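This report refers to the structure that appears directly beneath it.
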Amino acid sequence: MAFGPGTLLSRGSVCRRCLLTMKSMAGGSPIYTYVQQRGKKSWYGPKYQAKIDQAAAEWDERAEKIKKGEIQNTWDMFVERGFVKDTAGSHGAIRELMRQKRIGAYTGIDPTASSLHIGHLLPLMPIFWMYMHGYPAYTLIGGATAKIGDPTDRLVSRTPIKRIDLTMNLTKIHYQLKAMWMNVEEQARRRNFEKKWSSRRAVVNNSTWWNSLPMIEVLKRLGDSMRMGPLLSRDTVKNKMSKGDGMSFAEFTYPLMQGWDWWHMYSANGIQMQIGGSDQYGNIVTGIDVVKIVRDNEPDPQHKMPGGPMDDPVGFTVPLLTDSAGVKFGKSADNAIWLDKFKTSEFDLYGYFVRRSDDEVEKLLKLFTFLPLENIDEAMRIHNQNPAERVAQHLLAFEVVALAHGMNAANRTALNHQQMYGKEITIPGVTLKLPKSETDGTPLTLANAPQIDMQLPESLILGKSIGRILYAAGLASSTTEGHRLASQQAAYVGGMPGHKRFDDQKVMEHSLLTFTPIRLWYAQETRNYLIDGKMLILRKGKHNIRMIEMVSDEEWKASGKTYPGEPGTGALRQLRDQLKALRAGRMTPEEVRANLKDDNEDEKARRGLIKFPDSNPIAVRKLTKQLMGEIWEQEKELGVDHEEDYFKADDEQWAAEEIERLDDEKSEEKHGW
Ligand SMILES: Nc1ncnc2c1ncn2[C@@H]1O[C@H](COP(=O)(O)OP(=O)(O)OP(=O)(O)O)[C@@H](O)[C@H]1O
Ligand SMILES: N[C@@H](Cc1ccc(O)cc1)C(=O)O
């Protein structure tokens, strides 16, 4: 293994089977290393080799310091903070392995819901810690395993997940995990962890390998030696077969799939450790067998990977996070606290942690924050002087929101709480400050990306150009810009086009998130990019994603929503509608005036009012004037006391400002600003 920048770099972890060092020329220099592994081949040169050697030397030095007690073993820290429930492998062996070797670790999540929840943070935290301490750390999304569904501890099979839901969930979780990794980086900087050349983290999807894995390879490498006895004796299998609704072959093979994932990453990325919630213990133990069996069944002696205490896979489970009634926090229960701010707002997430009891707050600080234990002790000391102030709870809430949504969000949310409850909040070690605006002119990042799912009508998706769709989805500021993005291939569509089904229809692969640059295509071609016939994923830049569910035109109309560029929603059309409504007496002058004067953009958008720039400012100006005049007349007839000149002047000033604004816009457009 050990190839490509940043893969495992400790000397102990370099795979002996795959490193063929060749001296390129007589005279002994320079040395190029040829790496061949699972179909991938690459060369690397002396500079890269020097970095690998340096990283290995640093690791050896760290191991020595741990031995002398100068720094703490990461494993001991896990135990001390309460992360370790059950281990697969002895404590002593894992401890020594983690000291000597820069082993990689992973935890997996099946995208069976559209968001992560706080229960997921439990196995994720040790993964994040490992990254900060220099171990390769992987988070896996089970695009393939979710199609089967983990049967662990269930008596009744899961309802099969719909293709469109799977795509939606995995896209959302992918971006959520990426955002959280950025927040982990932020926390690492905040806590002065040094970022090393060898640091490595990843979000992977097991569909990447499962979609191209021949069944015969699994049967040969694993199936021949895997015994039925241990598989049948698992509690889940026994219980589901005797007390539940029986077990399908696919469910039965689920732990083997999970084990194969591990093998894939073990052999390709040096992932030697798996971490999961306590329900994952059985799958982790089976996974260890799978990895060893597949590894030892390598038919080519040149490619055989070594076994033994320093090379065998190990794993552990974290305790289960439960609510105050002792019920597991999970997506299948109705107590979930989500990490998607559109499902559980940052304010509510903060509030949830502020409400934790004094008995559990210290334990939660150890599990959910990166605060050193001395800081936690100090915070508890301050807390205990006046528990009613909930200092420890606020610290916990601040840190969790910072991890889930970033430091800006944590500051903003804590200040909101302060304002809402009118009480000064003390958070040890934190000076609350208003975050700089996340939307005004600052580039879009994963932390400030808008809600990524939306609906748009069929007539737009299937009938209009891709430029128009990009505008409607808020990825372009006009149809023209949308066309420009498409012609410059600066926007992307999710999925791999051109996959053909048996009946020769083109379909999208739904369990893998890939992007293809958008070209200017004919309107009818957009259909080829629809996932499950109704979802379109678009992206501009790195973080600007839209998952668009196509709804029928009737459903769209009934929703009362509008999209930018929607025919009939321009300023002119809206002014005309208002005029008609005024003349027909369907709207009072007061209502029309309120609509015209409402300068709150969100409110306007909510009520479907004028909000998009119109292409004909002169006509808008004329019509606005006419409408104002008629409102004025009607109000006069109604005997509205205008306090004459004051209001009239106000209206006129408003109209003048509006005209000036429109003129400015027009001139900006003309000059191409
Ligand atoms: N409340 C929790 N406490 C600790 N770990 C958890 C909790 N909920 C989930 N996990 C762990 O997170 C990982 C991913 O879990 P999974 O995707 O199965 O979510 P889940 O919420 O447990 O789903 P479900 O309720 O559908 O089984 C697993 O290792 C699981 O054990
Ligand atoms: N089985 C795990 C998810 C998972 C999937 C694939 C893996 O390789 C690892 C973990 C769960 O349901 O919680």
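In the UniProt record's numbering, the protein residues as written are 1 to 673. Ideal Cβ placement from N, Cα and C applies to all residues, glycine included. Keep in mind it's a predicted model, so treat the numbers as computed, not measured.
Here Ile103 carries a coil assignment [DSSP, helix/strand/coil]. Leaving aside the five residues that flank Gln524 on each side, the residues in its chain whose CB is nearer than 8 Å to its CB run, in chain order, Leu462. Across the set Glu590, Asn595 and Leu582, the C-alpha of Asn595 shows the shortest separation from the C-alpha of Ala571. In the three-state reduction of the DSSP assignment, Glu378 falls in the helix class, which pools H, G and I. Between Val551 and Tyr529, the CB-CB gap reaches or exceeds 7 Å. Those residues placing their Cβ nearer than 5 Å to any heavy atom of ligand 2 are, following chain order, Gly108, Asp110, Gly142, Thr145, Asp150, Gln258 and Asp261.
Apart from the 5 residues on each side of it in sequence, Leu364 sits with its Cβ closer than 8 Å to the Cβ of Phe353, Arg356 and Leu396 in its chain, given in chain order. Taking non-hydrogen atoms of ligand 1 into account, the C-beta of Asp279 is found less than 6 Å away from one of them. The C-alpha of Asp153 is placed about 15 Å away from the C-alpha of Thr253. The criterion of a C-beta distance shorter than 7 Å is not satisfied by Leu116 and Gln49.
Around the beta carbon of Ser199, 16 or more other beta carbons lie within 10 angstroms, which makes this residue buried. Between Glu630 and the set Ala619, Val620 and Val592, the nearest pair of CA atoms involves Val592.
Collapsing the DSSP output to three states places Leu365 in a helix.
Closest in alpha carbon position to Ile271, among Val314, Lys343, Gly246 and Gln280, is Val314.
Met407 is the residue among Ser511, Glu389, Met407 and Ser207 whose C-alpha sits nearest the C-alpha of Leu432. When DSSP states are grouped into helix, strand and coil, Ala558 belongs to the helix group.
Checking the DSSP bridge columns, you'll see Ile141 partnered with Ile109 and Asn205. Residue environment: Ser267 is assigned as buried (16 or more neighbouring CB atoms within 10 Å of its CB, all protein chains considered).
With a cut-off of 6 Å, the C-beta of Pro567 is classified as distant from ligand 1, since no heavy atom of the ligand falls inside that distance. DSSP, reduced to helix, strand and coil, places Asn408 within a helical segment of the structure shown. Distance between Thr167 and Pro111, taken at the CA atoms: about 9 Å.
Going by DSSP, Ile161 is part of no alpha helix (DSSP H) at all; its letter is neither H nor E. Between the beta-carbon of Val401 and that of Tyr350 there is about 5 Å, and that keeps the pair under the 8 Å contact cut.
A distance of 7 Å or more separates the beta carbons of Leu155 and Gly246. Contact holds between the region 445-458 and the region 180-195, because three or more Cβ pairs, one in each stretch, are under 8 Å apart. The beta carbons of Met132 and Phe193 sit closer together than 7 Å. Take the alpha-carbon of Lys341 and the one of Lys172: they are about 12 Å apart. When distances are taken from the beta-carbon of His120 to the heavy atoms of ligand 1, the shortest one is below 6 Å. For Leu434, the closest of Ala414, Ile425 and Arg99 by C-alpha to C-alpha distance is Ala414. With 16 or more other CB atoms across the displayed protein chains lying within 10 angstroms of its CB, Trp260 is buried.
One thing to note: Leu170 has its Cβ within 7 Å of the Cβ of Ile141. Excluding five sequence positions before and after Phe83, the CB atoms of its chain that fall closer than 6 Å to its own CB belong to Pro126 and Val318, given in chain order.
The alpha helix (DSSP H) runs of length 4 or more contained entirely in the region 161-193 are, from start to end of the chain, 163-190.
Under the Cβ criterion (8 Å, minimum of three pairs), the region 86-95 counts as touching the region 268-288. Gly282 has its CB no nearer than 6 Å to any heavy atom of ligand 1. Note that the region 478-494 does not touch the region 576-592; fewer than 3 beta-carbon pairs, one per stretch, sit closer than 8 Å.
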